[in-house]
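First residue of the sequence shown: 43, per the numbering used here; consecutive thereafter. Where is the CB? At the ideal position from N, CA and C, for every residue including glycine. Contents: one structure, followed by commentary.
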Amino acid sequence: MAESEEDIGGVAEAIRQAALLAMRHLLNREELSVSAMEVLHTLSVEGPTRITTLSEAIHVSQPAMTQLIQRLGRRNLVARVTDPEDGRATVVNLTQSARDLLHRLRNEDNEKLAAMLATLSASDQEALRLAMHVAGPIIRRLNDSAARLAQATTGPGMQSTEGEQ
Numbered sequence: 043m044a045e046s047e048e049d050i051g052g053v054a055e056a057i058r059q060a061a062l063l064a065m066r067h068l069l070n071r072e073e074l075s076v077s078a079m080e081v082l083h084t085l086s087v088e089g090p091t092r093i094t095t096l097s098e099a100i101h102v103s104q105p106a107m108t109q110l111i112q113r114l115g116r117r118n119l120v121a122r123v124t125d126p127e128d129g130r131a132t133v134v135n136l137t138q139s140a141r142d143l144l145h146r147l148r149n150e151d152n153e154k155l156a157a158m159l160a161t162l163s164a165s166d167q168e169a170l171r172l173a174m175h176v177a178g179p180i181i182r183r184l185n186d187s188a189a190r191l192a193q194a195t196t197g198p199g200m201q202s203t204e205g206e207q
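Here's what the structure looks like:
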């Protein structure tokens with residue numbers, strides 16, 4: 043394996059380890075499934091969104107997304123409202139309860155991370171701070187690229203059929 047391939051492999055493994063850290067220690071699965079968190083996060087970033095758009099973004103079938111939205115609606119986390127651009131259609135929007143929940147979960151995640159980071163030496167903490175200062179924007183661009191690539195390769199009606207876990 044060429045040195046650059048080994049470097050890319052090392053970067054890929056570091057990203058996988060970071061994802062594993064987030065999955066194991068930051069996602070509150072007892073409160074919300076991964077799919078539910080993805081929907082709430084998407085709505086918090088994108089604003090009111092149609093179910094078809096959400097199902098494409100989260101890579102679940104439209105029926106699975108409809109069921110998830112119904113469950114989130116029963117928990118008063120989302121509400122369907124008339125689409126301001128097309129009065130015949132509806133969009134899904136976050137409720138204040140969802141915004142409050144996301145804020146609380148973000149704070150809890152930050153507390154968990156702070157406790158984990160406190161176990162590192164001061165020099166490791168500084169090295170990680172510097173690395174994330176550089177890597178953070180790159181990871182955001184990777185997420186954006188992955189979303190665009192997934193949307194380009196997964197047309198409407200071709201989504202995964204995975205539902206809420």
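For residue i, the first and last residue of its enclosing alpha helix (DSSP H)
i    : result
N149 : Q138 to L159
H117 : Residue 117 is actually Arg in this sequence, not His. Per DSSP, R117 belongs to no alpha helix (DSSP H) and is neither H nor E.
From the options, residue whose alpha carbon lies closest to that of residue i
i    : options                 : result
D125 : M79, I180, N135 and E98 : N135
L191 : L62, A99 and E168       : A99
A58  : T108, S139 and I181     : A small fix is needed here, since residue 58 is Arg in this sequence, not Ala. For R58, the nearest C-alpha among the options comes from I181.
L63  : L85, S139, E88 and D151 : D151
L69  : R146, A177 and T94      : R146
M79  : A60, A140 and A189      : A140
A173 : L74, T91, A56 and D49   : A56
E73  : G52, L114 and I93       : L114
P90  : V133, A169 and L96      : V133
R117 : D142, G129 and E127     : D142
A54  : A194, A177, T84 and T94 : A177
Residues that DSSP places opposite residue i in a beta bridge
i    : result
D125 : D128
T91  : V134
Residue i, buried or exposed, once every other Cβ within 10 Å from all chains shown has been counted against 16
i    : result
V81  : buried
G199 : With a pLDDT of 40 at G199, under the threshold of 50, the modelled position of this residue cannot be trusted, and the question is left open.
S202 : Its pLDDT being 37, under 50, S202 is placed unreliably by the model, and the measurement read from it follows with that caveat. When all chains shown are included, S202 counts as exposed.
S165 : exposed
T161 : exposed
A61  : exposed
A106 : buried
H67  : exposed
I50  : exposed
V102 : buried
S46  : exposed
S97  : buried
Nearest-angstrom Cβ-Cβ length linking residue i and residue j, presumed shorter than 8 Å
i    : j    : result
A119 : S77  : It is Leu, not Ala, that sits at residue 119 in the sequence shown. About 13 Å separates the two Cβ atoms, so there is no contact after all.
L159 : Q167 : 6 Å
T137 : A121 : 5 Å
A131 : R92  : 7 Å
S86  : L170 : That pair is no contact at about 26 Å.
Minimum Cβ-Cβ distance from residue i to chain B less than 9 Å
i    : result
V102 : In the structure shown, chain B cannot be found, because there is only a single protein chain.
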